[in-house]
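Chemist: Note that my numbering has the sequence shown beginning at 4, numbered continuously upward. For glycine and all other residues, C-beta sits at the position ideal for the given N, C-alpha and C.
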Amino acid sequence: MDSEIVALARSTMPWLSSVGSPVVISSMVRLVRDLVDERFPRWATNEQQLNTRERVHGALADMSPSFRHWRMESLSRNERALFSERRIAGRDFAKTAELAEIAVLDGQTLAFRINDGDHLKISCILPGLDLLAAYEHADSADNAISKRLEFAFDDKKGFLTSDPSDMGTGLRASALLFLPALSAAEKIGQITHAIQQLGCAVAGFSGVGSGFDGCIFQIYNRITLGESEETILRRMIGVVETIVEQELAARNELENALINLVPDRMARVVAMLCSARVVPLQEGLGLLGQARLAACLGYIDGQFIGAVDELMTAILPTHLQLRHGEWVKEAQQNSIRAEILRQAFAKVQMLR
4 MDSEIVALAR STMPWLSSVG SPVVISSMVR LVRDLVDERF PRWATNEQQL
54 NTRERVHGAL ADMSPSFRHW RMESLSRNER ALFSERRIAG RDFAKTAELA
104 EIAVLDGQTL AFRINDGDHL KISCILPGLD LLAAYEHADS ADNAISKRLE
154 FAFDDKKGFL TSDPSDMGTG LRASALLFLP ALSAAEKIGQ ITHAIQQLGC
204 AVAGFSGVGS GFDGCIFQIY NRITLGESEE TILRRMIGVV ETIVEQELAA
254 RNELENALIN LVPDRMARVV AMLCSARVVP LQEGLGLLGQ ARLAACLGYI
304 DGQFIGAVDE LMTAILPTHL QLRHGEWVKE AQQNSIRAEI LRQAFAKVQM
354 LR
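1. Taking all protein chains shown into account, do 16 or more other C-beta atoms lie within 10 angstroms of the C-beta of Gly301, making it buried, or fewer, making it exposed?
2. Quick one, which of Gly217, Val273, Ala188 and Arg151 has its alpha-carbon nearest Phe181's?
3. Within the chosen definition, does the stretch 84-93 reach the stretch 321-334 through at least 3 CB pairs nearer than 8 Å?
4. DSSP three-state call for Ser30: helix, strand or coil?
5. I want to see whether chain C comes within less than 8 Å of Leu102, judged by CB atoms only; does it?
6. Give me, in chain order, the residues of the same chain whose beta-carbon lies closer than 8 Å to that of Gly173; leave out the 5 immediate sequence neighbours on both sides.
7. Give the straight-line distance between the Cα atoms of Arg151 and Ala62, rounded to the nearest whole angstrom.
8. Pull up the distance between the alpha-carbon of Leu290 and that of Leu276, whole angstroms please.
9. Under 8 Å: do the stretch 107-116 and the stretch 87-98 share three or more Cβ pairs, one atom per stretch?
10. For Tyr302, which three-state DSSP category applies?
11. Starting from the C-beta of Val282, find all residues in its chain whose C-beta is less than 7 Å away, skip the five residues before and the five after it, and write them out in chain order.
12. Kindly confirm or deny that the stretch 181-193 and the stretch 250-264 touch, where touching means at least three C-beta pairs closer than 8 Å.
13. Taking all protein chains shown into account, do 16 or more other C-beta atoms lie within 10 angstroms of the C-beta of Lys159, making it buried, or fewer, making it exposed?
14. Could you round the C-beta distance between Ala176 and Leu134 to whole angstroms and report it? I think they count as a contact, below 8 Å.
15. Buried or exposed: where does Trp18 fall if 16 or more other Cβ atoms within 10 Å of its Cβ makes it buried?
16. Between the alpha carbons of Ala178 and Met31, how many angstroms are there, rounded?
17. If you draw a straight line from the C-alpha of Phe70 to the C-alpha of Ala64, how long is it?
18. Taking DSSP as the reference, what is the three-state secondary structure of Ala21?
19. Specify, as a first and last residue, the run of the alpha helix (DSSP H) that Arg116 falls within.
20. Taking C-alpha atoms, which residue in Met170, Gln193, Val242 and Glu233 lies nearest to Gly202?
21. So, for Pro44: in the same chain, excluding its five sequence neighbours on each side, which residues have a beta-carbon less than 6 Å away from its beta-carbon?
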């Protein structure tokens, strides 16, 4: 195992608040940029990709000599999957980015992907609903790099990218939301339909293309062409704030309707987390979702929300194995996952 990757897996994620937000877990902004005189990575030869990587790497080094970076050909596919689990890269990154490079700055809140579909993807992720600040960080890095490299840009179309859906601003803004009450009320379908009319979309916990297999969802913009960055961001913030209001109202309705059942359910969840010996991944994520709701509703200490958010990433397969120090089969992963959860919940007590 690469020691730097192990250290990254064992480090905290600065985009997760130590306190945690009741609904909005994090905000992310990604900017896509391509060099004016280079082929897109998917159509370039290996030599051309390596040349592009050296050029972009050099620009990043000029901007900040202190960044940490990983070149994907030096890592196994299992190790590369860590970047997807930490939301630095997409869910299929480990399979497709053989000659890519990832660099991180500012304690991992600012990340750069080279040769991942496009020549450069700049992303910033922050805790809570803070899309404007995330955009400011990413835009500042974009401005600094554009002084060293010329990006492909058309006066009418905007930034030119390998994927037409990114053309224009090249901006993807997204928010990770915890929506257990709306999920229980089966209203996610309604929300998906409503926000599609506003140029937005909904994805699952694992990002664009993943299914709705839990109560954590990603809301993101689909329109990048013909609108300004400010318009896109303001619309996204408005959409997220509306969903937050609906989720909090749904939680009140749920608790009032099941006034005698909710406390029992919360107590059972905590008891299972304290005692389980084998926990498959999806069951673990489900139990942590229920524990997060218990913290939000005051059944356990609300300060535990941030810890639950960390655990939701810590129990994912690549993180779990890197932290453990070896690659193990699924059955052993389930045992290790259970041990992690037992230790985390050992001293958690019900407050009501």
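Modeler: According to the data block:
1. Classification of Gly301: exposed, given that the 10 Å Cβ count is below 16.
2. Among Gly217, Val273, Ala188 and Arg151, the Cα nearest to that of Phe181 is on Gly217.
3. Touching, per the Cβ criterion.
4. Assigned with DSSP and collapsed to three states, Ser30 falls in strand.
5. Absent from the structure is chain C; it holds one protein chain and no more.
6. Same-chain partners within the cutoff: Leu34, Val35, Arg36, Gly161, Phe162, Thr164 and Thr227.
7. Computed Cα separation, rounded: 6 Å.
8. When rounded, the distance between both Cα atoms is 7 Å.
9. Segments in contact, yes.
10. Under the three-state reduction of DSSP output, Tyr302 falls in the coil class, being neither helix nor strand.
11. Spatial neighbours of Val282 in its own chain (CB-CB distance under 7 Å, excluding positions within 5 residues in sequence) are listed in chain order as Asn337, Arg340, Ala341 and Leu344.
12. The way I'd put it, the stretch 181-193 does touch the stretch 250-264; three or more beta-carbon pairs between them come closer than 8 Å.
13. Exposed, by the Cβ-count rule.
14. Contact between Ala176 and Leu134 holds, since their C-beta atoms are separated by about 5 Å, short of 8 Å.
15. So Trp18 counts as buried.
16. Straight-line Cα distance between these residues: approximately 6 Å.
17. Straight-line spacing of the CA atoms in Phe70 and Ala64 works out to 7 Å.
18. The sequence given here has Ser at residue 21, not Ala. DSSP places Ser21 in coil when its eight states are reduced to three.
19. Note, Arg116: premise wrong, no alpha helix (DSSP H); beta strand (DSSP E) at Leu113 to Asp119.
20. Answer by Cα proximity: Val242.
21. So the list reads Gln52 and Asn118, once near-sequence residues are dropped.
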